[in-house]
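Have a look at the structure below, then the notes.
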Amino acid sequence: MSAIFRPEGQQFRATEHAGGPWSPDMLQGSATTALMTREVEHLATKSGFAVRRLTFDLWRPAGLRAFRTVAELLRDGRKAKTMQVRLMDGEAEIGRCTALLTASSGESPADPFARPMVVDKAPEAGSPPPAFAQKWSRYFQNVSVRLIEGALEKPGPAAAWMRLDAPLVEGEPNTPLLQAVQAADFASGVAQIVDMRDWTFINPEISLYFFRPPEGEWILIRAATRVGANGAGLTTATLSDLKGPFAEVMQAMSFERREAAQAQAS
């Protein structure tokens, strides 16, 4: 299966499989966040620290070109490290990841208020999305989806297992962390609550908070969206693997009537 990116020296060339929903020639957000996460994971593996938070600011769209990542260690502590990764399109920065990594203490306290874990349906018990949803983007065509609650074609909360089947980077396996990050970007789409014929929405940022490392290739995303004032909204989601929850996701949302968006573009 063709990869999302191909290495070209110190850069990564986006293939046609990286195309997003707004245009097949524009980069999918999931590809952007996952590529920056790859750099964070290298530091985590080298240092033995755990990834605890990832915050992505998605600044501008980009075409299917060659990109490079620029990593910088902002804090190099014994118990916590802060890392910044910038994704560059030539000299233009199109996105930034700020990551928090912490040292492992080896032991966690008992939680006396923990609720019994609810066992979710397995991926094989879920149903595939409708055919039109599978055509949302070229990137999405490389993602296996199994719905266990709700429906992608109907507004409201939903839960779906996801797995990126194509390699993110040619010649490299997709790690559980990469699977988690690329799935998280779909939270607002899984839990969309508006009629897409009348409204558009974007999430210019996304944050993930991990309380344990993810395991395996299938990631369950259980998401819901709330709408506030002045076009603002918030999508929240819980990420789980086959062993249960491991992270929480938050996305700041911006809604706009489709006529207004079209008028601004003209």
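In the UniProt record's numbering, the protein residues as written are 1 to 266.
Even for Gly, the Cβ is constructed at its ideal location relative to N, Cα and C.
Anticipated Cβ contact below 8 Å, residue i with residue j, distance rounded
i	j	result
tyrosine 209	alanine 159	Contact flag wrong, Cβ pair sits at about 19 Å.
methionine 250	threonine 236	6 Å
phenylalanine 201	valine 194	7 Å
C-beta atoms of residue i and residue j nearer than 8 Å
i	j	result
residue 270	alanine 14	In the structure displayed, the chain extends from 1 to 266; residue 270 sits before or after that span and is not available.
glutamine 28	serine 137	yes
cysteine 97	phenylalanine 56	yes
glycine 126	leucine 147	yes
alanine 223	proline 157	yes
valine 145	proline 129	yes
valine 181	leucine 54	yes
glutamine 179	isoleucine 219	yes
glutamate 217	asparagine 174	yes
Residue i versus residue j: straight-line alpha-carbon distance, rounded
i	j	result
proline 7	leucine 43	19 Å
aspartate 241	proline 214	6 Å
proline 24	leucine 64	9 Å
aspartate 111	glutamate 124	31 Å
threonine 37	asparagine 203	18 Å
residue 277	proline 176	Nothing in the structure corresponds to residue 277, since the chain is present only between 1 and 266.
aspartate 89	leucine 58	13 Å
alanine 133	glycine 150	14 Å
aspartate 198	arginine 257	6 Å
Bridge partners - residue i, DSSP secondary structure assignment
i	result
proline 112	For proline 112, which the question treats as bridged, DSSP gives no partner whatsoever.
tryptophan 161	Arg146, Leu220
glutamate 91	Answer is none; glutamate 91 lacks a bridge partner.
Proximal residues to residue i (C-beta, below 6 Å), its chain only, five neighbours per side dropped
i	result
arginine 86	Val70, Glu93, Arg96
Close-in-space but distant-in-sequence residues of the same chain around residue i (CB under 8 Å, 5 per side omitted)
i	result
aspartate 165	Met1, Asn142, Val143, Ser144
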